[in-house]
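Colleague: All letters in the sequence shown, in the order written, are residues 13 to 290 by the working numbering.
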Amino acid sequence: MQILRTVGELRTRVRGWKADGRQVGVVPTMGALHEGHMSLVRAAKRGCDRVIVTIFVNPMQFNNPDDLAKYPRTEDHDAAMLAAEGVDLLFAPLPDEVYPKGFASKVSVSGITAPMEGAMRPGHFDGVATVVAKLFGMTQADRAYFGQKDWQQLQVVKRMVADLNLPVEVVGCETIREHDGLAMSSRNVRLDPLSRAQAPALYKVMTRAATALRDGGAPAAVLGQAREDLRLAGFTEVEYIDLRTAAMLDPMEVLDAPARLLAAAWIGGVRLIDNIPV
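(1) Strictly by DSSP, which residues pair up with Gly101?
(2) Beta-carbon separation of Phe68 and Met42 under 8 Å?
(3) If you count every other CB in all the chains shown that lies within 10 Å of the CB of Arg62, and 16 or more means buried, which is it?
(4) Distance, Cα to Cα, Tyr157 vs Val180?
(5) Secondary structure at Pro270, three-state DSSP: helix, strand or coil?
(6) What residue range is occupied by the uninterrupted beta strand (DSSP E) comprising Asp286?
(7) Ala277 bridges to which residues according to DSSP?
(8) Along the chain, where does the beta strand (DSSP E) containing Phe115 start, and where does it finish?
(9) Relative to the alpha-carbon of Val38, which residue among Leu101, Val266, Ala131 has its alpha-carbon at the smallest distance?
(10) Where does Pro231 fall in DSSP's three states?
(11) Rounded to a whole number of angstroms, what is the C-alpha to C-alpha distance between Ala195 and Gly114?
(12) Tell me which residue opens and which closes the alpha helix (DSSP H) that Tyr83 is part of.
(13) Taking 8 Å as the threshold (C-beta atoms), are Leu274 and Arg256 in contact?
(14) Taking the straight line between their C-alpha atoms, what separation do you get for Met128 and Gly246?
(15) Hey, Ala211 and Ile279 are a contact pair by Cβ (cut 8 Å); roughly how many whole angstroms apart?
(16) Take every Cβ of the region 185-205, pair it with every Cβ of the region 158-177, and state whether three or more of those distances are shorter than 8 Å.
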């Protein structure tokens, strides 16, 4: 596996692949890789001839400087994992390569970015859309692979690609979970032992709420009970637990269309997100 850090080197390599008729897949990440990321890599390898993984901790999508500083950076370990999976190329640029002096552009997706993560993390999705658009331009990938755990992010990226006519297919892959149901996340390593033992309650409470909704429960009552259940399970703050249409993320008062239950909550000083279909 080759490790590249400049756009020029990356494009030279991709240009050669495409001249040979190869399909190129990309898995954009911020590093601190785990089995969830590896599942995306394997999906990319099944669907493409060549696979690029990008590692870039994007400062534009952090509205909390402390969160940016604390984000785990484990490139050597990540590179070893990727090499073992047969990844062709790791692109790990420095910040100045992605945002050079004088950088003044921004990609902003409206509407779908307003609720939930957008409300709790102002500017977050502008940072996501901007860096993902840049990574698509840098890698010239034919397909891009994202996990469904960040459901709202996945819908934002799909909207951006459709609106801007970007020549890349966005592939959403199933959330990978620990044996106790906790969605895999790079942030999980920051959970202390007690919080780690309590954290799977997020998925359990959401699963119970989804069942109640399918059985005809009123969304307001079901979601109110879910909030209380999370507090009783040890979550110190429930930022949101919402029932939304699956694609456009419109609020739902009646379960009459494909839907998604999405939540964000704090435990042990760590913010966890999750979502499941309803």
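All C-beta atoms, glycine included, are put in the ideal place defined by N, C-alpha and C.
Modeller: From the atom records:
(1) Numbered from 1 along the sequence shown, position 89 holds the residue referred to as residue 101. Just to set this straight, residue 101 is Leu in the shown sequence, not Gly. DSSP output for Leu101 lists Gln14, Ile64 as bridge partner(s).
(2) In the sequence shown, the residue the question calls residue 68 occupies position 56. In the sequence shown, the residue the question calls residue 42 occupies position 30. Closer than 8 Å, so yes.
(3) Looking up residue 62 in the sequence shown gives position 50. With 16 or more Cβ atoms within 10 Å of its Cβ, Arg62 is classed as buried.
(4) Against the sequence shown, residue 157 aligns to sequence position 145. Against the sequence shown, residue 180 aligns to sequence position 168. For the pair Tyr157 and Val180, the Cα-to-Cα distance works out to about 10 Å.
(5) Translated into positions along the sequence shown, residue 270 becomes position 258. It is coil, neither helix nor strand.
(6) Within the sequence shown, residue 286 is the residue found at index 274, counting from 1. 282-289 is the extent of the beta strand (DSSP E) around Asp286.
(7) The count along the sequence shown starts at 1 and reaches residue 277 at position 265. Ala277 pairs with Val250, Leu284.
(8) As a first step, residue 115 must be located in the sequence shown, where it is residue number 103. According to the DSSP assignment, Phe115 belongs to no beta strand (DSSP E), since it is labelled neither H nor E.
(9) Your numbering for residue 38 matches position 26 in the sequence shown. Checked all of Leu101, Val266, Ala131; the closest Cα to Val38 is Leu101.
(10) As a position in the sequence shown, residue 231 is number 219, starting the count at 1. DSSP places Pro231 within a helical segment (H, G or I) once states are collapsed to three.
(11) Translated into the one-based positions of the sequence shown, residue 195 becomes position 183. Translated into the one-based positions of the sequence shown, residue 114 becomes position 102. Going by the C-alpha atoms only, they are around 39 Å apart.
(12) Position 71 of the sequence shown, counted from the first residue, corresponds to residue 83. For Tyr83, there is no enclosing alpha helix (DSSP H), as DSSP gives it neither H nor E.
(13) The residue labelled residue 256 in the question sits at position 244 within the sequence shown. The residue labelled residue 274 in the question sits at position 262 within the sequence shown. The criterion of a C-beta distance shorter than 8 Å is satisfied by Arg256 and Leu274.
(14) Residue numbering aside, residue 128 sits at position 116 when the sequence shown is read from its first letter. Residue numbering aside, residue 246 sits at position 234 when the sequence shown is read from its first letter. Taking the straight line joining both Cα atoms gives about 21 Å.
(15) Here residue 211 corresponds to residue number 199 of the sequence shown, with the count starting at 1. Here residue 279 corresponds to residue number 267 of the sequence shown, with the count starting at 1. Between the beta-carbon of Ala211 and that of Ile279 there is about 6 Å, and that keeps the pair under the 8 Å contact cut.
(16) Yes, the region 185-205 touches the region 158-177.
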